[in-house]
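What follows is one structure encoded as C-alpha cells, with my remarks underneath.
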Ligand code: ATP
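Numbering (our numbering), first residue to last: 189 to 623.
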C-alpha cells in the first residue's frame, strides 16, 4: 500500500496541471495491474501567493509498493513537470498508508487555513519516515504532504470529474458545445453544481488557461458528475479522471471575531453593518462590519456600537449580481459573513442576514400640518414652528427591504473552489442559492 502525494508541477504561463500528472500516474499504476483505490484533489489555503491558480494538491491511494510508487511518480514528474519555470517547485511524498498520525492530519488542516514553511514539511516527512523528494526549492513538499494527510484530516468529500484534452490541442481554444453543456448542467442540478453560471451565461467548468483540462464537473458523487460530463458535446477527450475532493465544503473557514482576525486566513464572523454599502471605483462594493456582542448596550439609535472594532468587507466586481444583495444592506443589520481577510478587508464569499432592520429613525412630521418638524435644541426633541406641536425624539419609519433573513452567496462564476455552494444544504438559516 502507498499513498502518493504530489504538488506544484504546473506553470501559469507554460501550462500543465497537477491533476493531469496525478491522472497519468494513476493510469500507469493500473497498466501495471495495481489497484487505485482513490485519488484526492485537495484545495489548500486559497490565500497562498505561490499558488498557480486554485492551490490544489493531489494524492493517489494504491496497493503498489512504496518503492515502485516513488519511482513511478518521480519519473512522471521529471517527464511532465514545468520545472523550467522557476516558480514551479515540485514535491513528492510517499507514505505507507492513509491512516496517518494526528500530527500529519493536523499538517493538512493547517495547510488549508494557514501558512506553512518548506522546513515544516521536510521535518514532518522525516519524523514520519516517509519517502520524499523536492525539486527546485521543494515548496511542493508542503502541498504533497498535506494531500497525504487529507484523508484523515477531512470528513466531507465531494467529487470532480475532469475531462482532459489531447496533448496536441493544449494551448489552443477549447471546443465545447455550450448548448449541450447548459442542458446537461440543468439536468444535473443540484447533484452537480457550478458547471455553468446561468445569470451570466458562462461555462464555469471550462478553464481559460493553457492547461490540459477540457472541463471539470463538480458534484455530490461519481454518478451525478459523470452523467453531466457524458452529455457534453466537445472536442475529443484524451482521458478522464474522478477525484474525491474537499471542494465545495468550506474547509478553509474558521470561526473568528472581528477584533482578532489575521490576514491570509478565512473566517466565519458575526457583526452589525456599521456603514452604508458604497460602490467604489472598479465596481467593488464596500461596507464596514462592527463586532457585536458584549458592548451591544453601547449601541446608538442605529443599533451600532461606535466603539466596537470594525472590519471592512468587500464584494468584488466579478461577483456581479451578488453586489446588489450587498447594496441592499442597511446600517444596523446583523450578519454572519464568510471570506478571506486580506490587507485588513474580508473578501465576501457569502453572508447570512440574521436580523434585518425593519424601521429607520426619522425626523417626525407635524400631525396638524404634515410638515417636517425641526430640532428644538440639543436633547430637546422636535417642534413644529407653525403649529407648536412637539415630539421627544425621532420616530420609526418602516423600511422597504429587498433582502430576507438567510444566506446569500456569490454566483458560480466567482466561487472559490473550496467554498460551499448554498445548494449543498446544511446551513443554519434559509438559503438563497445562486446558479
Ligand atoms: P495547480 O492546482 O493548477 O497545480 P496550484 O494553484 O495548486 O496549481 P501550485 O503550483 O501547487 O499552485 O503552488 C502552490 C504552492 O504553495 C505549492 O508549492 C504548495 O506546496 C504551497 N502551499 C500550499 N499550501 C500552502 C500553505 N498553507 N502554506 C505554505 N505553502 C503552501
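Idealized CB from N, CA, C, for every residue including glycine.
Since the model is a prediction, treat every value here as computed from it, not as a measurement.
Discussion item. Between residue 330 and the ligand ATP, is there a pair consisting of the residue's CB and a ligand heavy atom that are separated by less than 6 Å?
Written reply: The count along the chain shown starts at 1 and reaches residue 330 at position 142. Flag set: Cβ of residue 330 near the ligand ATP.
Worksheet item: Does the beta-carbon distance from residue 282 to residue 341 come in below 7 Å?
Response: The residue you call residue 282 lines up with position 94 of the chain shown. The residue you call residue 341 lines up with position 153 of the chain shown. The answer is no: Cβ separation not under 7 Å.
Worksheet item: What whole-angstrom Cβ distance do residue 227 and residue 214 have, given they're in contact under 8 Å?
Response: In the chain shown, the residue the question calls residue 227 occupies position 39. In the chain shown, the residue the question calls residue 214 occupies position 26. Their Cβ separation, rounded to whole angstroms, is 6 Å, which keeps residue 227 and residue 214 in contact under 8 Å.
Item to complete: Provide the residue span of the beta strand (DSSP E) that contains residue 431, from first to last.
Response: One-based indexing of the chain shown puts residue 431 at position 243. 425 to 433 is the span of the beta strand (DSSP E), which, as asked, contains residue 431.
Discussion item. For the structure I just gave you, are there three or more beta carbon pairs, one from the region 400 to 416 and one from the region 443 to 458, closer than 8 Å?
Written reply: Because the criterion of three Cβ pairs below 8 Å is not met, the region 400 to 416 and the region 443 to 458 do not touch.
Discussion item. Which residue wins for smallest C-alpha separation from residue 224, given the options 258, 330, 252, 578?
Written reply: Locating residue 224 in the chain shown gives position 36, counting from the first residue. It is 252.
Item to complete: Determine the direct distance from the alpha carbon of residue 524 to that of residue 608, and round the result to whole angstroms.
Response: The residue labelled residue 608 in the question sits at position 420 within the chain shown. The residue labelled residue 524 in the question sits at position 336 within the chain shown. If I take the Cα positions, the gap works out to 15 Å.
Practice prompt. Entirely within the region 305 to 331 and at least 3 residues each: give me those beta strand (DSSP E) ranges in chain order.
Written response: Counting whole runs of 3 or more residues, the region 305 to 331 contains the beta strand (DSSP E) stretches 319 to 322.
Worksheet item: To the nearest angstrom, how far is it from the Cα of residue 339 to the Cα of residue 477?
Response: Counting from 1 along the chain shown, the entry for residue 339 is found at position 151. Counting from 1 along the chain shown, the entry for residue 477 is found at position 289. Spanning the alpha carbons of residue 339 and residue 477 requires a straight line of approximately 36 Å.
Worksheet item: Are the beta-carbon atoms of residue 212 and residue 269 separated by less than 7 Å?
Response: In the chain shown, counting from the first residue as 1, residue 212 sits at position 24. In the chain shown, counting from the first residue as 1, residue 269 sits at position 81. Going by beta carbons, residue 212 and residue 269 fall outside the 7 Å limit.
Item to complete: Counting only the same chain and skipping the five closest in sequence on each side, list residues whose C-beta sits under 8 Å from that of residue 505.
Response: Along the chain shown, one-based indexing puts residue 505 at 317. Cβ neighbours of residue 505 beyond the five flanking positions: 470, 471, 472, 511.
Item to complete: Please classify residue 385: does DSSP put it in a helix, a strand, or coil?
Response: Residue mapping note: residue 385 aligns to position 197 of the chain shown, counting from 1. The three-state secondary structure of residue 385, taken from DSSP, is strand.
Worksheet item: Distance, Cα to Cα, residue 241 vs residue 255?
Response: In the chain shown, counting from the first residue as 1, residue 241 sits at position 53. In the chain shown, counting from the first residue as 1, residue 255 sits at position 67. A direct Cα-to-Cα measurement between residue 241 and residue 255 gives close to 31 Å.
Worksheet entry | Whole-angstrom distance between residue 422 and residue 356, CA atom to CA atom | Start at 1 with the first residue of the chain shown, and residue 356 comes out as number 168. Start at 1 with the first residue of the chain shown, and residue 422 comes out as number 234. For residue 356 and residue 422, the distance between alpha carbons rounds to 15 Å.
Discussion item. Just to confirm the assignment, what range does the beta strand (DSSP E) spanning residue 520 have?
Written reply: The count along the chain shown starts at 1 and reaches residue 520 at position 332. Counting along the chain, residue 520 falls outside any beta strand (DSSP E), and DSSP gives it neither H nor E.
Item to complete: Give the secondary structure of residue 497 by DSSP, where H, G and I count as helix, E and B as strand, and everything else as coil.
Response: For the purposes of this step, residue 497 is taken as residue 309 along the chain shown, with counting starting at 1. In the structure shown, residue 497 sits in coil (DSSP, three-state: anything other than H, G, I, E or B).
Discussion item. Assuming residue 418 is part of the beta strand (DSSP E), what are its boundary residues?
Written reply: Taking the first residue of the chain shown as 1, we reach residue 418 at position 230. That residue, residue 418, is in no beta strand (DSSP E); its alpha helix (DSSP H) goes 410 to 418.
Discussion item. When you measure from the CB of residue 140 to every non-hydrogen atom of the ligand ATP, does any distance come out below 6 Å?
Written reply: The requested residue 140 is not part of the displayed model; the chain covers only 189 to 623.
Worksheet item: Assuming residue 501 contacts residue 534 under a Cβ cut-off of 8 Å, what Cβ separation, rounded to an integer in Å, is found between them?
Response: Here the question's residue 501 lines up with position 313 in the chain shown. Here the question's residue 534 lines up with position 346 in the chain shown. At roughly 5 Å, the Cβ-Cβ gap stays under 8 Å, so residue 501 and residue 534 are in contact.
Discussion item. With three or more C-beta pairs closer than 8 Å as the rule, is the region 305 to 312 touching the region 320 to 337?
Written reply: The answer is yes - the region 305 to 312 touches the region 320 to 337, with three or more Cβ pairs under 8 Å.
Discussion item. Are there any heavy atoms of the ligand ATP lying less than 6 Å away from the beta-carbon of residue 612, as far as the coordinates show?
Written reply: Translated into positions along the chain shown, residue 612 becomes position 424. Relative to the ligand ATP, the beta carbon of residue 612 is positioned no closer than 6 Å to any heavy atom.
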